[in-house]
Structure formats: C-alpha cells, structure tokens
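Adding 92 to a residue's 1-based position in the sequence shown gives its number in the working numbering.
Each residue gets a CB set at the ideal place from its N, CA and C atoms; glycine is no exception.
Model, not experiment: these values are computed from the prediction.
Note sheet for the following structure.
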Amino acid sequence: MKNRSSNNDSAGPVGGTQRLLAILLAMAMFVLVVDTSLMNVSISAVVRDLDTTVSGVQAAIALEALVSAAFILIGGKVGELIGRKRAYALGLVGYAIGASAMAFAQSLIAIVVFWAVLGGIGASLLLPAMQSLIHGNFEGAAQKKVYALVGAAAAIAAAVGPLLGGFITTYLSWRVGFVLEVVIIAIVLSGMGIVRDVPYTGPRGVDLVGAVLSVLGMGGIVLGILVWQEGGESVGALVAAGAIALAGLAYWLVRHKRAGKPTLLDPDLFRSRIFRLGISGQLLQQVALGGTMIALPIYLQMVLEYNAMQAGLSIAPLSLSMFAVAVLTGKYAGNRPASSVIRWGFVLLTVGTVVLIPIVPRAEFGWGLVIPLIIAGSGLGLLVSQLNNYTLAPIEEERISEAAGVNSAAGSFGLSFGLAFAGAIMLATLSITFTNMAESSTVLPQAEQQQVARVLEDDAEVMSNTQLDQLLVSQPPQIRDEIIRINTDARPFALQVALLVPLLAGLIGLFNSFRMRRIPEAVPKPP
Numbered sequence: 093m094k095n096r097s098s099n100n101d102s103a104g105p106v107g108g109t110q111r112l113l114a115i116l117l118a119m120a121m122f123v124l125v126v127d128t129s130l131m132n133v134s135i136s137a138v139v140r141d142l143d144t145t146v147s148g149v150q151a152a153i154a155l156e157a158l159v160s161a162a163f164i165l166i167g168g169k170v171g172e173l174i175g176r177k178r179a180y181a182l183g184l185v186g187y188a189i190g191a192s193a194m195a196f197a198q199s200l201i202a203i204v205v206f207w208a209v210l211g212g213i214g215a216s217l218l219l220p221a222m223q224s225l226i227h228g229n230f231e232g233a234a235q236k237k238v239y240a241l242v243g244a245a246a247a248i249a250a251a252v253g254p255l256l257g258g259f260i261t262t263y264l265s266w267r268v269g270f271v272l273e274v275v276i277i278a279i280v281l282s283g284m285g286i287v288r289d290v291p292y293t294g295p296r297g298v299d300l301v302g303a304v305l306s307v308l309g310m311g312g313i314v315l316g317i318l319v320w321q322e323g324g325e326s327v328g329a330l331v332a333a334g335a336i337a338l339a340g341l342a343y344w345l346v347r348h349k350r351a352g353k354p355t356l357l358d359p360d361l362f363r364s365r366i367f368r369l370g371i372s373g374q375l376l377q378q379v380a381l382g383g384t385m386i387a388l389p390i391y392l393q394m395v396l397e398y399n400a401m402q403a404g405l406s407i408a409p410l411s412l413s414m415f416a417v418a419v420l421t422g423k424y425a426g427n428r429p430a431s432s433v434i435r436w437g438f439v440l441l442t443v444g445t446v447v448l449i450p451i452v453p454r455a456e457f458g459w460g461l462v463i464p465l466i467i468a469g470s471g472l473g474l475l476v477s478q479l480n481n482y483t484l485a486p487i488e489e490e491r492i493s494e495a496a497g498v499n500s501a502a503g504s505f506g507l508s509f510g511l512a513f514a515g516a517i518m519l520a521t522l523s524i525t526f527t528n529m530a531e532s533s534t535v536l537p538q539a540e541q542q543q544v545a546r547v548l549e550d551d552a553e554v555m556s557n558t559q560l561d562q563l564l565v566s567q568p569p570q571i572r573d574e575i576i577r578i579n580t581d582a583r584p585f586a587l588q589v590a591l592l593v594p595l596l597a598g599l600i601g602l603f604n605s606f607r608m609r610r611i612p613e614a615v616p617k618p619p
C-alpha cells in the first residue's frame with residue numbers, strides 16, 4: 093500500500109465518526125440499487141396513475157440505466173476535476189431531484205427528463221466518486237470493511253427491493269417509495285461535513301472527443317432499440333451510428349495514448365485478457381438480469397394481473413437466492429478458481445432460464461415460477477460473488493478507480509441493453525403474433541382484422557385482459573371475446589421470446605467462461 097502523510101488531514105475520520113461515514117455511504121448505495129426494483133414492480137401502478145403505456149415506462153427504466161452507463165466514464169473524470177466530494181454531493185442531489193420528480197410526476201415526460209436522464213447523470217457522478225472516497229477516507233482493515241459494507245448494502249437492496257417496493261406500492265403508493273428515497277438522500281447529504289475530499293494528482297486534461305464518442309456509442313445502440321420498440325423510424329441508422337461511434341472511440345483512445353495526450357480511459361487496460369473477459373462477463377450477466385427483470389414483472393402484472401406486492405413476492409425467489417448464494421460463495425469459495433465459479437454461474441443461469449420459458453404460458457400463479465427462479469438466481473449469485481474480483485485482480489492499484497469505472501459502465505450498459513432489447517423483442521413478437529391470429533380468425537370481420545393490424549403497427553402494447561375489455565366495451569360481445577382470446581394466447585408467447593434475451597446472454601457467457609479457464613488467473617493485489 094502506498095505511504096500516506098501522517099498529518100491530521102490525511103488521517104481521516106476515526107472512531108464513531110468513521111463508522112457513521114461508512115453507514116452513510118452504505119445508505120447511498122442502498123438507494124441506488126433499490127430504485128430500479130421499485131420501478132419494476134410498480135409498472136402497472138405507474139401506467140394506471142399516469143395514463144401511459146407499459147412500453148413507455150419500460151423505456152424510461154432502460155433509459156435511466158443507459159444514461160448512467162453512457163456518462164459514468166465522464167462522471168469519473170468530472171470528479172477528478174471538481175473534486176470527488178463535490179461530485180459525490182452533486183450526484184446525490186441529481187438523484188434526489190429525480191426521485192422528487194417521481195413523487196409528483198403527472199406524465200411520462202417528467203419521468204424521462206428528471207428520473208431517467210437527470211437521475212442517471214447523478215448516478216454516473218455518484219458511483220465513481222463513492223469508490224474514490226472510500227479509498228481516501230479509510231485505510232487498511234477499515235477500508236476492506238467499508239467496501240464489504242457498501243457491497244452488502246447493494247446486495248441487500250437487490251434482495252429486498254422487489255418486496256419492499258411491492259409492499260409500499262400496494263399498501264401506500266409507489267410515490268411514497270420515492271419520497272423515502274429523498275429522505276434517505278437528505279440524511280446522507282447531512283453528513284457531508286465528515287467526508288474528507290480525495291485530491292487528484294494526475295493529468296487534468298479533458299478528452300472531449302472521447303467523451304462524446306462514448307455517449308454516442310452506447311446511447312446510439314440502446315436508443316435505436318427503444319425507438320424500434322416505440323415504432324419510430326431510422327432505427328438502423330441509430331444503431332449503426334452507435335456501433336461506428338464505439339469503433340471510433342477505440343481508435344481514438346489508442347491514437348491519443350500513443351501521442352501522449354489525455355484520454356477518457358487508458359486503452360492499455362484492455363491489454364489484459366482477464367480484464368477483457370471479465371468485462372464481457374459483467375456485461376452479459378447484466379444483459380441477462382435486465383431482460384429477466386423486465387419480462388417477469390410485465391408477465392406478472394399484465395398477464396396474471398398481480399398487484400405490486402404479489403409481483404414482488406413472486407420475483408423474490410430470484411433476488412433472495414442471488415443474495416444468499418453471493419454471500420455464501422464469498423464466504424466459502426476458498427481457493428476455488430474464480431473462473432470455475434463463474435462457469436457454474438452461467439450454467440445455472442442458463443438452466444434456470446431454459447426451465448422458465450416453457451412454464452410461462454402454463455403458470456396460473458406466480459409461485460409456479462419458484463424453482464427456475466431459484467436456479468437462475470443462484471447462478472446470478474455465483475456471478476455477482478466473483479466477476480468483480482476476477483476482472484479487477486490484474487489491475488495495478490493506481491488504476492483501480494479507472495478500471496472499476498469501465499467495469500461499472502459495462503454493467504450499466506448491459507443492464508440497459510437487456511431491458512431495452514427484451515422489451516422491444518417482446519412488443520415486436522406481440523404485434524406479429526396478434527396480427528397473424530387476428531387475420532386467421534373466423535370470428536373477426538375483415539374490417540376488424542385490418543383495424544387490429546393498423547393499431548398494432550402504430551402502437552403495440554402489452555395489456556391485461558381487464559384493460560382490453562374496458563377498451564372494447566362498445567364492441568359486440570363475440571368480437572370482444574375473440575380479441576381477448578387472441579390477447580390471452582399472444583402475450584405468453586411474446587414473453588417467452590423476450591426471455592430468449594437472457595438465455596442467449598447466459599449461453600454466450602458460458603462459452604466465455606471456458607475461455608477464462610484457459611488463462612492463468614491473477615492474484616488480487618493487497619491494499
């Protein structure tokens with residue numbers, strides 16, 4: 093570990109003050125993780141209260157993860173320039189504004205602008221600054237304990253988030269959950285006085301071109317998928333522009349590194365095969381999680397017509413098993429190679445998804461999903477317990493912060509991609525299936541078939557049978573019954589197709605894990 097000055101300023105807080113700071117940092121991480129869980133289990137309530145669509149809310153959830161991913165590398169650099177403590181505070185304020193907007197939002201636009209965009213930017217400032225502050229405010233064994241505490245807060249939030257969000261939404265209001273987030277953030281901000289800033293002594297140049305290319309790259313790909321989901325145009329152009337921007341970013345970073353100029357991130361990080369494979373594993377894990385956590389809540393709330401509490405209870409086996417297995421693996425993994433644990437993680441994730449897909453159209457209650465969710469959750473738990481350590485082990489201490497930022501960006505991008513792609517595939521499949529079934533119907537007149545096709549072409553939407561029945565109240569009973577029958581048959585198939593996204597991510601991750609096994613693993617460097 094690098095030597096530190098012995099003056100009072102570098103000693104950092106001690107005793108009770110140090111414990112208080114650790115708790116406040118853990119509270120900040122808890123809010124960040126529980127936020128998305130609250131949205132996932134509240135989809136039907138938000139749709140109903142704001143008179144909007146499932147696809148619109150799903151797009152906002154994906155956009156929030158995308159903004160966080162697209163700006164997290166920039167957020168880390170901003171923290172270096174303005175000070176990590178200030179970036180941490182600004183990130184908390186941005187997140188609080190987003191949560192406050194959710195508490196009072198009257199339209200989807202407010203959610204997109206304040207929660208998804210502003211809150212996502214807040215997260216991109218907060219996450220890298222938090223890691224630097226932990227590193228600079230604690231030393232030795234205390235530093236390890238704080239990292240473990242913050243990691244435990246994230247794991248607990250992921251485990252209890254669906255249950256907590258479901259309870260608050262069902263028995264109070266989804267808006268209350270976001271009010272509580274604001275309260276927690278206010279408590280964390282009240283303790284800013286005990287946070288010691290961490291000075292940055294590296295180069296202070298800003299790579300504006302690299303920053304723009306990173307935002308355009310990740311943003312173009314996911315936004316293209318979201319535009320496709322909403323029936324927009326120029327989808328191919330957006331995705332192609334995103335891919336070109338990412339390729340341009342790689343070229344730009346290498347070129348400017350060779351010229352000795354400042355870069356958004358050091359391309360030499362990717363010289364390590366372990367780091368490259370770990371980053372790809374992190375991305376694939378989050379793609380699988382994002383696809384699962386958008387398809388299942390929609391299935392439970394729109395097909396089984398569960399309220400938020402019932403949906404949260406039904407999803408709980410996934411999140412609780414993920415938490416339990418992650419904790420147990422971290423404690424008892426011993427000297428087992430991380431790559432071996434990661435391989436078994438992708439095996440269980442794939443098996444759980446394979447078992448889940450045929451159950452979806454047949455399950456008449458949420459607990460019918462329990463076994464495959466436990467299997468998939470156990471796989472995710474194994475991955476969560478090992479991927480970060482595997483990825484960052486070969487990185488030198490002075491580059492850990494930058495490498496962790498890249499790791500976080502890959503995870504956030506994977507989550508946003510999984511959310512967006514699974515949602516888009518689901519709606520596209522629903523539109524095609526519904527139209528084909530309507531055209532082959534012997535009950536619907538030709539005019540009704542054409543109207544169904546036109547409506548779905550403009551705005552495909554997952555709807556509960558109750559919602560659809562209310563929309564068709566003016567139709568003759570036989571037409572209403574036929575359209576509801578088609579909806580009943582089409583939705584499960586669309587959701588099955590959406591679950592192919594996490595399945596494909598699991599299979600690619602499994603292939604990736606065999607490549608990991610062929611590389612000698614790095615030993616984590618002591619602090």
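Status (buried if at least 16 other CB within 10 Å, exposed otherwise) for Tyr482: For the purposes of this step, residue 482 is taken as residue 390 along the sequence shown, with counting starting at 1. Around the beta carbon of Tyr482, a 10 Å sphere encloses 16 or more other beta carbons of the protein chains shown; the residue is thus reported as buried.
Enumerate in chain order the residues of its own chain whose CB-to-CB distance from Gly175 is below 6 Å, with the five nearest sequence positions on each side excluded. Residue mapping note: residue 175 aligns to position 83 of the sequence shown, counting from 1. Once the five neighbours on either side are set aside, the close Cβ partners of Gly175 are Asp289.
Closest residue to Ala590 among Tyr391, Val271 and Phe438 (Cα-Cα distance): As a first step, residue 590 must be located in the sequence shown, where it is residue number 498. When Tyr391, Val271 and Phe438 are compared, the shortest CA-CA separation from Ala590 is found for Tyr391.
Supposed close pair Gly460, Ile467 - CB separation, criterion 8 Å: What you label residue 460 is simply residue 368 of the sequence shown in a count that begins at 1. What you label residue 467 is simply residue 375 of the sequence shown in a count that begins at 1. Wrong, their Cβ atoms sit about 14 Å apart, outside the cutoff.
Under DSSP, the alpha helix (DSSP H) around Pro354 begins and ends at which residues? For the purposes of this step, residue 354 is identified with residue 262 of the sequence shown, where counting begins at 1. Unbroken run through Pro354: none, as it is neither H nor E.
Kindly confirm or deny that the stretch 202-213 and the stretch 147-159 touch, where touching means at least three C-beta pairs closer than 8 Å. Yes: the two stretches touch, three or more of their Cβ pairs being nearer than 8 Å.
Cβ-Cβ distance between Ser477 and Arg609 below 9 Å: Translated into positions along the sequence shown, residue 477 becomes position 385. Translated into positions along the sequence shown, residue 609 becomes position 517. No. Outside cutoff.
If you count every other CB in all the chains shown that lies within 10 Å of the CB of Asn229, and 16 or more means buried, which is it? One-based indexing of the sequence shown puts residue 229 at position 137. Burial is judged here by how many other beta carbons sit within 10 angstroms of a residue's own beta carbon; Asn229 has at least 16 and is buried.
Fully enclosed by the stretch 251-310, which beta strand (DSSP E) runs are 3 residues long or longer? With a minimum length of 3 residues, no continuous beta strand (DSSP E) run stays inside the stretch 251-310.
Where does Gln223 land, buried or exposed, given buried means 16+ other C-beta within 10 angstroms? Taking the sequence shown and counting its residues from 1, the one referred to as residue 223 is at position 131. Flag for Gln223 reads buried.
If you compare alpha carbons, which of Ser147, Gly183, Gly167 and Gly108 is closest to Met121? The count along the sequence shown starts at 1 and reaches residue 121 at position 29. Here the closest residue by C-alpha is Gly183.
Is it right to say Phe206 is buried, meaning 16 or more other beta carbons lie within 10 angstroms of its own, or is it exposed? As a first step, residue 206 is located in the sequence shown; it is residue number 114 there, counting from the start. Buried.
Does the Cβ-Cβ distance between Val132 and Pro453 come in under 9 Å? Start at 1 with the first residue of the sequence shown, and residue 132 comes out as number 40. Start at 1 with the first residue of the sequence shown, and residue 453 comes out as number 361. For clarity, residue 132 is Asn in the given sequence; the question names Val instead. The answer is no: Cβ separation not under 9 Å.
Here's a check: name, in chain order, each residue in its chain whose Cβ is nearer than 8 Å to the Cβ of Val298, leaving out the five neighbours to either side. In the sequence shown, counting from the first residue as 1, residue 298 sits at position 206. Closer than 8 Å at Cβ, skipping near neighbours: Lys169, Leu173 and Pro354.
Expressed to the nearest angstrom, what Euclidean distance is found between the alpha-carbon atoms of Tyr487 and Leu381? Translated into the one-based positions of the sequence shown, residue 487 becomes position 395. Translated into the one-based positions of the sequence shown, residue 381 becomes position 289. Residue 487 is actually Ile in this sequence, not Tyr. Each residue's Cα considered, the two are about 26 Å apart.
Using the C-alpha atoms, what's the distance from Thr384 back to Ser470? Translated into positions along the sequence shown, residue 470 becomes position 378. Translated into positions along the sequence shown, residue 384 becomes position 292. Distance between the alpha carbons of Ser470 and Thr384 is about 14 Å.
Using the Cα positions of Gly186 and Arg178, report the straight-line distance between them to the nearest angstrom. The residue given as residue 186 occupies position 94 in the sequence shown. The residue given as residue 178 occupies position 86 in the sequence shown. One alpha carbon belongs to Gly186, the other to Arg178, and they sit about 12 Å apart.
Measure from the alpha carbon of Gly171 to the alpha carbon of each residue in Leu479, Pro220, Ala251 and Arg140, then state which is nearest. Locating residue 171 in the sequence shown gives position 79, where the first residue counts as 1. For the options Leu479, Pro220, Ala251 and Arg140, the alpha carbon positioned closest to that of Gly171 is the one of Pro220.
Report the rounded CA-to-CA distance for Gln629 versus Val287, giving the unit in angstroms. Because the chain is modelled from 93 through 619, residue 629 falls outside the range shown and cannot be assessed.
Look up Ala247 in the DSSP assignment and say whether it is helix, strand or coil. Locating residue 247 in the sequence shown gives position 155, counting from the first residue. In this structure, Ala247 counts as helix in the three-state DSSP scheme.
Since Gln223 is in the alpha helix (DSSP H), which residue starts that stretch and which ends it? Here residue 223 refers to the residue found at position 131 when the sequence shown is read from its first residue. In this chain, the alpha helix (DSSP H) harbouring Gln223 covers Gly211 to Asn229.
Going by beta carbon distance, what residues of the same chain come within less than 6 Å of Ile203, once the five residues before and after it are set aside? For this step, residue 203 is matched to residue 111 along the sequence shown. Cβ within range, chain order: Ala152 and Ala197.
Please return the same chain residues whose Cβ sits closer than 6 Å to the Cβ of Ala250, not counting the five positions on each side in sequence. As a first step, residue 250 is located in the sequence shown; it is residue number 158 there, counting from the start. So the qualifying residues of the chain are Val125 and Ser411.
Would Val268 be called buried (16 or more neighbouring beta carbons within 10 Å of its own) or exposed? Taking the first residue of the sequence shown as position 1, residue 268 is located at position 176. By the 16-neighbour rule on beta-carbons within 10 angstroms, Val268 is exposed.
Let's test the definition: count the other Cβ atoms within 10 Å of the Cβ of Leu563 and tell me whether it reaches 16, buried, or not, exposed. Position 471 of the sequence shown, counted from the start, is the residue given in the question as residue 563. Exposed is the label assigned to Leu563, since fewer than 16 other Cβ atoms lie within 10 Å of its Cβ.
Between which two residues does the alpha helix (DSSP H) carrying Asp581 extend? Working through the sequence shown from its first residue, we reach residue 581 at position 489. Run containing Asp581: Pro569 to Ala590, per the alpha helix (DSSP H) assignment.
C-beta atoms of Ala586 and Leu522 nearer than 9 Å: Mapped onto the sequence shown, residue 586 falls at position 494. Mapped onto the sequence shown, residue 522 falls at position 430. For Ala586 and Leu522, yes; Cβs fall inside 9 Å.
Proximity below 9 Å, CB of Val123 to CB of Ile226: By one-based count along the sequence shown, residue 123 stands at place 31. By one-based count along the sequence shown, residue 226 stands at place 134. The criterion of a C-beta distance shorter than 9 Å is not satisfied by Val123 and Ile226.
Between Met401 and Val443, what straight-line distance do the alpha-carbon atoms span, to the nearest angstrom? Taking the sequence shown and counting its residues from 1, one reaches residue 401 at position 309. Taking the sequence shown and counting its residues from 1, one reaches residue 443 at position 351. In a straight line, the C-alpha of Met401 is about 27 Å away from that of Val443.
Are Arg474 and Trp436 close, meaning C-beta to C-beta below 9 Å? In the sequence shown, residue 474 corresponds to position 382, counting from 1. In the sequence shown, residue 436 corresponds to position 344, counting from 1. Before going on, a small fix: residue 474 reads as Leu here, not Arg. It is a contact, given that the beta carbons lie within the stated cut-off.
Neighbour-count burial assignment, Pro594, 16 or more Cβ in a 10 Å radius: Locating residue 594 in the sequence shown gives position 502, where the first residue counts as 1. So Pro594 ends up on the buried side.
Cβ-based burial, Tyr263 [other Cβ within 10 Å; buried from 16]: Position 171 of the sequence shown, counted from the first residue, corresponds to residue 263. Its Cβ having fewer than 16 others within 10 Å, Tyr263 is exposed.
Nearest-angstrom Cα distance between Phe606 and Leu479? Reading the sequence shown from its first residue, position 514 is the one you call residue 606. Reading the sequence shown from its first residue, position 387 is the one you call residue 479. Rounded to the nearest whole angstrom, the C-alpha separation of Phe606 and Leu479 is 14 Å.
According to the neighbour-count rule (16 or more other Cβ atoms, all chains shown, within 10 Å of its Cβ), is Gly328 buried or exposed? Position 236 of the sequence shown, counted from the first residue, corresponds to residue 328. Looking at its Cβ environment, which holds fewer than 16 other Cβ atoms inside 10 Å, Gly328 is exposed.
Tell me whether Thr128 is buried or exposed, calling it buried when 16 or more other Cβ atoms sit within 10 Å of its Cβ. Translated into positions along the sequence shown, residue 128 becomes position 36. Buried, since its Cβ has 16 or more Cβ neighbours within 10 Å.
So, helix, strand or coil for Pro429, using DSSP? In the sequence shown, residue 429 corresponds to position 337, counting from 1. In the structure shown, Pro429 sits in coil (DSSP, three-state: anything other than H, G, I, E or B).
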